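Engineer: There's a structure below that I have some questions on.
There are 2 protein chains.
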Amino acid sequence: MSILIHTVSIRTDEKSFNWIEDGYVIINEGVFKKIADGKPSEEELTEADEVINGCGKWVCPGLVNTHGHAGMSLLRGYSDDLPLDQWLKEKMWPFEGKLDLEATKAARGLAMVEMIRSGTTTFLEMYHLFMHEFAQDITDAGMRATLMRSMIGLCSKEEQKEKLLEAVEFAKTWHKAADSRIQTMLAPHAPYTCPPEFIEMIVEEAIKLDLPIHMHLAETRKEVREHIQQYHHHPLEHLEKLGFLSEARWLFAHGVHLNEEHIDLLAEYKAGISHNPISNLKLGSGVAPIAEMLQKGVKIGLGTDSVASNNTLDMIEEMRMAAFIHKGIAEDPILIPAEVAIKMATKNGAELLEHEKTGEIKTGYKADFMIIDSHAAHMQPASNRDSHIVYAAKSSDVTDVYVEGLPLMRNKELLTLDEEKIKFEANEHYQRVRSYI
Amino acid sequence: MSILIHTVSIRTDEKSFNWIEDGYVIINEGVFKKIADGKPSEEELTEADEVINGCGKWVCPGLVNTHGHAGMSLLRGYSDDLPLDQWLKEKMWPFEGKLDLEATKAARGLAMVEMIRSGTTTFLEMYHLFMHEFAQDITDAGMRATLMRSMIGLCSKEEQKEKLLEAVEFAKTWHKAADSRIQTMLAPHAPYTCPPEFIEMIVEEAIKLDLPIHMHLAETRKEVREHIQQYHHHPLEHLEKLGFLSEARWLFAHGVHLNEEHIDLLAEYKAGISHNPISNLKLGSGVAPIAEMLQKGVKIGLGTDSVASNNTLDMIEEMRMAAFIHKGIAEDPILIPAEVAIKMATKNGAELLEHEKTGEIKTGYKADFMIIDSHAAHMQPASNRDSHIVYAAKSSDVTDVYVEGLPLMRNKELLTLDEEKIKFEANEHYQRVRSYI
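One line per chain: the protein sequences are A and B, in this order.
Mapping to full-length UniProt numbering: the first sequence position 398 is 398, numbers consecutive.
Mapping to full-length UniProt numbering: the second sequence position 414 is 414, numbers consecutive.
Have a look at this one:
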């Protein structure tokens, strides 16, 4: 199966992050076979199984969401603007405690619809419920994902072992499944929710399986303070002193409360960070020192976290926030320019989630991309495309999304998910779960 | 002319900021005649000149943008991510210096399209070019606006007088014009660009005309530092010591670098603030102490500033940022809850721009409103509408916009502006002006 899309602008990394003004792409068996300036030849047009006139739209790399909990998607708007403890204990946990398979499935269907509609091709899911079922649904929907069964260790040794067994079994079953569209990780929830011995068991399994580890890190000031009280060290120093940082590949979520030495540790051990600026603001967690991390060569991806703390899964808004917030806080308008925000949301994310040959539009790379229609008033005049993508675009400008050459959305119509049914069911299950509380 | 819109949720201020779940509104001669729960009577349906089935959409107050320069709208994406001085001197000013009537008109047409599409009914324009022509275009487009000829006083006394004469003549001509849809103000650009004697002349005219004064204030740290070097006082103290604060009604834009005493001054003199959080972040200006201002009773509206520093005129995004940023900076998730962000973007803005009986959906108020379609995936499940408007909605959810009972957009079609022509001309003039530099 080959597709040729012509008369498009292309954000390609063929020639070190440049735009082709008016060109075409040829996709063969899910892979970019050719990315070129100008018009395709008669032969190329004839050879392609499908020829699409892009009408001047923009072909851009699909967006990669490096931290989330799609299983929580029924919680959008269920509770906002409360103190963190009250929000968690009185609102989030009681609702999550009632999530059954049907409700979680509905939540994740909704999440996939929203992600595809806003140009996301690849995402990370860290959650404890019904991961096998979600992996199957992702396979069917055609998305790309890195999945993990999250583990909280504040329980008995037996329960810890049970969780780890479940996590390992899930990771083995689904690693490189769905033609490698699914990758897996192991996921101890956080240093403050996992005793050292439990983390050690997880690290050992990660080494055995050659899998990376995803973990929440230093999200709030209170969490860090209490961790220091309990373990005498900042959570990152704690992991280092236990010898864990050197033993595995780490992707941390948040990393808000880190000082220079901590950033040096991240750089030294090549640990990545999922920067989740909107969630960090909305929950009052703070602002992660991303400019400093970039300066020291730490690899940063962007994540939305769940809709309970965002409240969308819109990576365009996440890019925009990442580009805005650090300029404002440091009072320095040159920090995180548009192209850096795009790189974090595409190439970096793909590398951190370990999806090889994705995240860029390049010959030989997997054809994960979105198509942006730049005709809306808020995208005029046609000046700088990178600027428009980060500072002006909206998810409503995304018209098409492909993963590995297969269309998941065409002209704003979803092809692999029954959107109306999903929205209906999300509301049904939201009302049902609420009624249990 | 009367319109009845039924089967809608209504964000009404009839009963202290509540939602009517399923109700109807009757608009007569541009004014809300009735806002009611349930279904209209047969008599009401028969009496209305037009009956619209709202299909469960949300009728919400139109958004009010309290600071902007629509005349700069061709500058979207022209330059970003540069140091402020270089951005202004090498990019903004040379381009603005070449703006002629046609280019400015195209810019403002584009701005009006974008504002209507994102639910804005009322806005402020502070600019020095072609204000009469814009006032006429706004009259024709049916929007509501508060307009002023901005004045920079770094010039000869003769030029100052000329500018003031022009500003006063404009203010007189258009005040309460277009059935009071247009209000005017006087606008000394900023304390650092207007010598005290010039501000004094402007204040005197404002008193004579009973008009408020709009002025940039304490936007950047550098500006405040240099002002103190020159005048020995912070710009706000400077205005107070000169006796100006007590003499007129003030609406300041930005107010980023203010301490507690300055906030006390704002409260004492009932001066308002246009909070422009996105522009303040993008230009690296900082974060205004809005939570502190609200606590002391300072009236806050929200503004986008121009697309050169935003890069949109989308008040939904501005509400969202206002709700996010202060939580994050203060590490306090209860600051600026959704309903406060909405109030700033509607009622407060209307009061600050002195458009009486607008900004709320209330019997006897002018029928300025937007209709939101909540069917998109990112608005599910149907939980909390205020939360969804601030934390999840996008301008693409706005389907209809009315000002004083007249539709400016219906089912996403603009009725008073030729959108395609405007977008075409914006691009033409952008290319033309660029070629002069």
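Just so you know, even glycine gets a beta-carbon here, dropped at the ideal spot from N, CA and C.
These numbers come from a predicted model, not from an experiment.
Taking only runs of the beta strand (DSSP E) that begin and end inside the stretch 151-208 of chain B, which ones reach a length of at least 3 residues, in chain order?
Structural biologist: Qualifying beta strand (DSSP E) stretches, in chain order: 182-184.
Engineer: Just checking: is the beta-carbon of residue 316(B) within a distance shorter than 7 angstroms of some beta-carbon in chain A?
Structural biologist: No, residue 316(B) does not count as interfacial toward chain A.
Engineer: Take residue 271(B) as the anchor and find which of 151(B), 349(B) and 386(B) has the nearest alpha-carbon.
Structural biologist: Considering only alpha carbons, the answer is 349(B).
Engineer: Quick check on the DSSP output: the beta strand (DSSP E) that includes residue 19(B) runs from which residue to which?
Structural biologist: First-last of the beta strand (DSSP E) with residue 19(B): 18-28.
Engineer: Answer yes or no: do residue 287(B) and residue 325(B) have a C-beta to C-beta separation smaller than 7 angstroms?
Structural biologist: Cβ distance < 7 angstroms, so residue 287(B) and residue 325(B) count as in contact.
Engineer: Can you give me, in chain order, the residues of the stretch 345-375 of chain A that have a beta carbon less than 9 angstroms from any beta carbon in chain B?
Structural biologist: Answer in chain order: 375.
Engineer: Establish whether the CB of residue 140(B) and some CB of chain A are separated by less than 7 angstroms.
Structural biologist: For residue 140(B), the answer is no, since every Cβ of chain A falls outside 7 angstroms of its Cβ.
Engineer: Put residue 374(B) into one of helix, strand or coil per three-state DSSP.
Structural biologist: Coil.
Engineer: Mind listing which residues of the stretch 384-400 of chain A have their C-beta closer than 7 angstroms to chain B's C-betas, in chain order?
Structural biologist: Result list: 384, 387, 388, 391, 392, 394, 395 and 396.
Engineer: So that I know if they touch, is there some Cβ in chain B lying closer than 7 angstroms to that of residue 334(A)?
Structural biologist: It does; some Cβ of chain B falls within 7 angstroms.
Engineer: Among the candidates 290(B), 148(B), 312(B) and 285(B), whose CA atom is the shortest distance from the CA of residue 328(A)?
Structural biologist: Among 290(B), 148(B), 312(B) and 285(B), the Cα nearest to that of residue 328(A) is on 285(B).
Engineer: For the beta strand (DSSP E) that contains residue 72(B), what are its first and last residues?
Structural biologist: Where residue 72(B) is concerned, there is no enclosing beta strand (DSSP E), given that its DSSP letter is neither H nor E.
Engineer: Would you say residue 70(A) faces chain B, with C-beta separation under 7 angstroms as the test?
Structural biologist: Closer than 7 angstroms: no.
Engineer: Give the single residue among 193(A), 137(A), 61(A) and 132(A) whose Cα lies nearest to the Cα of residue 416(A).
Structural biologist: Here the closest residue by C-alpha is 137(A).
Engineer: Would you report the Cα separation of residue 54(B) and residue 5(B), rounded to the nearest angstrom?
Structural biologist: Their backbone Cα atoms lie some 6 angstroms apart in a straight line.
Engineer: With the cut-off set at 7 angstroms, would you say residue 392(B) and residue 312(A) are in Cβ contact?
Structural biologist: Yes, these two residues count as a Cβ contact at 7 angstroms.
Engineer: By the 10 Å Cβ neighbour count, where 16 or more other Cβ atoms means buried, how is residue 35(A) classified, buried or exposed?
Structural biologist: Buried: at least 16 other Cβ atoms inside 10 Å.
Engineer: Does residue 312(B) get closer than 7 angstroms to chain A when you measure Cβ to Cβ?
Structural biologist: True, the Cβ-Cβ gap to chain A drops below 7 angstroms.
Engineer: Kindly examine the ligand GDP and report whether one of its heavy atoms sits closer than 6 angstroms to the Cβ of residue 227(A).
Structural biologist: Absence of the ligand GDP from the depicted structure is noted, as is the absence of any ligand whatsoever, leaving it without description.
Engineer: Anything in chain A within Cβ reach of residue 54(B), meaning under 9 angstroms, just list it in chain order.
Structural biologist: Per Cβ cutoff of 9 angstroms: no residues; residue 54(B) is ~19 angstroms from chain A at best.
Engineer: Exposed or buried, residue 316(A), counting other C-beta atoms within 10 Å across all chains shown (16 or more means buried)?
Structural biologist: Residue 316(A) comes out buried.
Engineer: I'd like to know if residue 105(A) contacts chain B, where contact means its C-beta is closer than 7 angstroms to some C-beta of that chain.
Structural biologist: No, its Cβ sits nowhere closer than 7 angstroms to a Cβ of chain B.
Engineer: Quick one: list the residues of chain A neighbouring residue 327(B), beta-carbon separation under 7 angstroms, in chain order.
Structural biologist: Ordered by position in chain A, the residues that pass the 7 angstroms Cβ test against residue 327(B) are 281, 282 and 284.
Engineer: Provide the residue(s) that pair with residue 148(B) in DSSP beta bridges, ordered along the chain.
Structural biologist: 126(B), per the DSSP bridge assignment.
Engineer: Distance, Cα to Cα, residue 376(A) vs residue 410(A)?
Structural biologist: Their backbone Cα atoms lie some 18 angstroms apart in a straight line.
Engineer: Can you confirm whether residue 381(A), when its beta carbon is compared against all beta carbons of chain D, has any partner nearer than 7 angstroms?
Structural biologist: Absent from the structure is chain D; the protein chains it does hold are A and B.
Engineer: Using a Cβ-Cβ cutoff of less than 7 angstroms, which residues in the same chain neighbour residue 101(A) once the five nearest sequence positions on both sides are dropped?
Structural biologist: Taken in chain order, the residues that qualify are 130 and 133.
Engineer: Roughly how many whole angstroms lie between the Cα atoms of residue 24(B) and residue 310(A)?
Structural biologist: Their Cα atoms are separated by approximately 32 angstroms.
Engineer: Consider the Cβ of residue 80(A): report whether some Cβ of chain B lies at a distance smaller than 7 angstroms.
Structural biologist: Yes, residue 80(A) counts as interfacial toward chain B.
Engineer: Taking only beta-carbon atoms, is residue 430(A) less than 7 angstroms away from chain B?
Structural biologist: So yes, residue 430(A) belongs to the interface.
Engineer: How many angstroms separate the CA atom of residue 192(B) from the CA atom of residue 244(B)?
Structural biologist: The alpha-carbon atoms of residue 192(B) and residue 244(B) are separated by roughly 15 angstroms.
Engineer: Quickly, what does DSSP pair residue 53(A) with across the bridge? List them, please.
Structural biologist: Note: residue 53(A) sits in a beta bridge opposite 6(A).
Engineer: Could you tell me which chain B residues have their CB closer than 7 angstroms to the CB of residue 74(A), listed as they occur along the chain?
Structural biologist: Near residue 74(A) (Cβ distances below 7 angstroms), the residues of chain B are 381.
Engineer: If residue 267(A) and residue 335(A) are in contact, beta carbons under 8 angstroms, what's the gap, nearest whole angstrom?
Structural biologist: Rounded, the Cβ-Cβ distance is 18 angstroms, inconsistent with contact.
Engineer: Bridge partners of residue 259(B), per DSSP?
Structural biologist: Answer by DSSP bridge pairing: none, since residue 259(B) is not bridged.
Engineer: Reducing DSSP to helix, strand and coil, say where residue 384(A) ends up.
Structural biologist: In this structure, residue 384(A) counts as coil in the three-state DSSP scheme.
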